[in-house]
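Heads up, the thing below is written out as structure tokens.
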Ligand code: PRP
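Numbering (my numbering), first residue to last: 105 to 314.
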């Protein structure tokens, strides 16, 4: 029996992944049962050419880098932070937000002191402050970063800002934008060689996504 050559697609769980999946659906690349309420994680299309799986957004790049997924959708924040060895095919212009420095409104930077920076994105923050020649102490947190300046754990935070409502609700102010972030379609390097045609078909489907 001929072995099926699936294109494995890692989608980020959540709103962004649902939106991206809707493009596949619109192009007739849907997978049965994907909308049903279940704990199932892998779904195939009827022709047996595509296999979707839902993963934690921050894990997509790992699946793609290691070839467990041929393509996937990852935020530019993750790509900048971890520099996975993947091809970035194009900007999906979804999940738009920014990486920014925020602090309490009365914050003033005393350059004679080491700046305490709380963040999930230690690499991005480190590079940003290195480019400014600013000495910092990085405090790595895994979530609810906004708490850090409120409790005196840090002077500033480096975090994702989308609507700004989390900052506002906690009395924090955005001081500097580090970079813009959006979702990217990424591909495994070997897959581009061996499944290039299938991958390009997906790219074409996404090109006129509006
Ligand atoms: C992200 C980010 C901010 C918030 C920004 O948190 O870390 O806290 O979203 O969005 P806003 O500007 O629209 O308010 P997420 O919900 O991913 O949770 P986290 O606390 O685990 O990082």
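Every residue gets a Cβ at the ideal spot worked out from N, C-alpha and C, and that includes glycine. All of these numbers come straight from a predicted model, not from anything done at the bench.
Q: Report the residue ranges of all alpha helix (DSSP H) runs contained in full by the stretch 165-253; include only those spanning at least 4 residues, in chain order.
A: 180-186, 226-236
Q. Is it a yes or a no for the stretch 291-307 touching the stretch 175-193, going by three-plus beta-carbon pairs under 8 Å?
A. yes
Q: Under the assumption that residue 111 contacts residue 175 (Cβ atoms under 8 Å), give the Cβ distance between them as a whole number of angstroms.
A: 7 Å
**Q.** Identified DSSP bridge partners for residue 156
**A.** 113, 147
Q: Return the CA-CA distance between residue 114 and residue 245, expressed in angstroms with no decimal places.
A: 26 Å
Q.
Quick test of your reading: residue 303 and residue 296, contact by CB under 8 Å. State the CB separation rounded to the nearest angstrom.
A. 6 Å
Q) Leaving out five residues before and five after residue 137 in sequence, what residues of the same chain have Cβ atoms less than 8 Å from its Cβ? A) 144, 147
Q | Residues proximal to ligand 1 by C-beta, any heavy atom closer than 5 Å | A | 247, 248, 263, 264, 265, 266, 267, 268, 269, 270
Q) Given a threshold of 16 other Cβ atoms within 10 Å of its Cβ, counted over all protein chains shown, does residue 213 qualify as buried or as exposed? A) exposed
Q: Indicate whether the contact test is met: 3 or more Cβ pairs, each with one atom in the stretch 158-165 and one in the stretch 241-259, closer than 8 Å.
A: no
Q: Express the C-alpha separation of residue 118 and residue 228 in angstroms, rounding to a whole number.
A: 24 Å
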